[in-house]
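Below is one structure; the comments refer to it alone.
Protein chains: 2
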Amino acid sequence: MTRLKIVWPGKTKNRDLRALEEFYLARIRQFEPCDLAEAKEARGLADRYAEKIMDIEARNMERHLRDEFIVCLSDRGREMNSADFARFLEKQMSSSRGVAFVVGGFAGLGERILKRADHLLSVSRLTLSHELCRVVLLEQVYRALTIQKGKRYAK
Amino acid sequence: MTRLKIVWPGKTKNRDLRALEEFYLARIRQFEPCDLAEAKEARGLADRYAEKIMDIEARNMERHLRDEFIVCLSDRGREMNSADFARFLEKQMSSSRGVAFVVGGFAGLGERILKRADHLLSVSRLTLSHELCRVVLLEQVYRALTIQKGKRYAK
Numbered sequence: 146m147t148r149l150k151i152v153w154p155g156k157t158k159n160r161d162l163r164a165l166e167e168f169y170l171a172r173i174r175q176f177e178p179c180d181l182a183e184a185k186e187a188r189g190l191a192d193r194y195a196e197k198i199m200d201i202e203a204r205n206m207e208r209h210l211r212d213e214f215i216v217c218l219s220d221r222g223r224e225m226n227s228a229d230f231a232r233f234l235e236k237q238m239s240s241s242r243g244v245a246f247v248v249g250g251f252a253g254l255g256e257r258i259l260k261r262a263d264h265l266l267s268v269s270r271l272t273l274s275h276e277l278c279r280v281v282l283l284e285q286v287y288r289a290l291t292i293q294k295g296k297r298y299a300k
Numbered sequence: 146m147t148r149l150k151i152v153w154p155g156k157t158k159n160r161d162l163r164a165l166e167e168f169y170l171a172r173i174r175q176f177e178p179c180d181l182a183e184a185k186e187a188r189g190l191a192d193r194y195a196e197k198i199m200d201i202e203a204r205n206m207e208r209h210l211r212d213e214f215i216v217c218l219s220d221r222g223r224e225m226n227s228a229d230f231a232r233f234l235e236k237q238m239s240s241s242r243g244v245a246f247v248v249g250g251f252a253g254l255g256e257r258i259l260k261r262a263d264h265l266l267s268v269s270r271l272t273l274s275h276e277l278c279r280v281v282l283l284e285q286v287y288r289a290l291t292i293q294k295g296k297r298y299a300k
């Protein structure tokens, strides 16, 4: 079983951000297998139906979740520094459940998945675009794994 | 006089992050002229001479600074949410001094420039790579300008 999973709705549209995701994912996978599940997006709904979009996407993301320790990225979450995040990740990965990070789409994360979360994590007090958030998360997971392994983080 | 300036040492090396910088800079400039000064980097010094590198780069960056309100990005700084950052940016841009954001290189920001700063800003409790920090800053400046202009932020 993979101990590290990342779930979000749909492929990242910005080409450069997608390239960065692939860059950090490849580095993460040098240390640790990592599943990326790009769940089905809600389609055909105008942006004003944000609640509906979030609900559909939450259900689609739930199909990719098992019994993992679920960490939802949310501005209502708690911030950590990188050293604390590295310890947190190590702890969750070493449990039998493994850990799954869940990041919302442009509409945000639906209540049903936030309620199911074991932990809410905020990466910044600033509101970052959801696609930039994904890159920040992957960069931190990579950084955490290098901290765990005691390697110098590649500049 | 340009009211908005950004200063950091050297061109961003990661190609995708550089593309994102250009993407956000172009969007910022739809609203507001913005000078980007890529100051001379310290060269030929091994990473262990971080203090020396920071000092040289601080001096090189200072050549690009006038009397602006200087905001240094620093993990010792204060975090803001995006709405507060938008108000902060508007206030500084509307003063006669204008505002300059200063971001360090891989070694960090030298004491001499931190001492000269009018404000220390932290974008996250997490340690982000200095090149990713640049993108987060530009994204926030763009977001702040859209908030000021009351435009919907392009997803």
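Residue numbers (this note's numbering), protein chains in the order written: chain L, 146 to 300; chain Z, 146 to 300.
In this text, a Cβ means the ideal position worked out from N, Cα and C, and glycines have one as well.
- Annotation for residue 174 of chain Z: the continuous alpha helix (DSSP H) segment containing it runs 160-176.
- Contact between residue 179 of chain L and residue 198 of chain L fails: their C-beta atoms lie close to 26 Å from each other, not under 8 Å.
- Sixteen is the threshold: since fewer than 16 other Cβ atoms of the shown chains lie within 10 Å of the Cβ of residue 228 of chain L, the residue is exposed.
- Shown here for residue 148 of chain L: same chain residues with a beta carbon closer than 6 Å to its own, the five before and five after excluded, namely 238 and 243 in chain order.
- Using beta-carbon distances, residue 263 of chain L does not count as an interface residue toward chain Z, since no partner is under 8 Å.
- In chain order, 293 place their CB closer than 6 Å to the CB of residue 235 of chain L, counting only its own chain and leaving out the 5 sequence neighbours on each side.
- If only complete runs of 3 or more residues are kept, the region 235-295 of chain Z shows the beta strand (DSSP E) at 244-247 and 264-266, in order along the chain.
- If you draw a straight line from the Cα of residue 233 of chain L to the Cα of residue 258 of chain L, it is about 21 Å long.
- By the criterion of a C-beta distance shorter than 7 Å, residue 223 of chain Z is surrounded in its chain by 265, 266 and 267, once the five residues flanking it on both sides are discounted.
- DSSP places residue 195 of chain Z within a helical segment (H, G or I) once states are collapsed to three.
- Assignment of residue 220 of chain Z by DSSP, reduced to helix, strand and coil, places it in the strand class.
- Straight through space, the alpha carbons of residue 195 of chain Z and residue 295 of chain Z are spaced by roughly 42 Å.
- Following the DSSP letters along the chain, one finds residue 183 of chain Z inside the beta strand (DSSP E) bounded by residues 180-184.
- DSSP places residue 149 of chain L inside the beta strand (DSSP E), whose first and last residues are 149-154.
- Distance from the Cα of residue 166 of chain L is smallest, within the candidate group Z:161, Z:252, Z:250 and Z:260, for Z:161.
- Taking the CA atoms as reference points, residue 245 of chain L sits about 27 Å from residue 275 of chain Z.
- Listed along chain L, the residues sitting closer than 7 Å to residue 285 of chain Z by beta-carbon distance are 271.
- Residue contact check for residue 218 of chain L against chain Z: no CB pair falls below 8 Å.
- Beta bridge pairing from DSSP links residue 215 of chain L with L:245.
- Taking C-beta separations shorter than 8 Å and ignoring five residues to either side along the sequence, the partners of residue 169 of chain L in its chain run 280, 283, 284, 286 and 287, following chain order.
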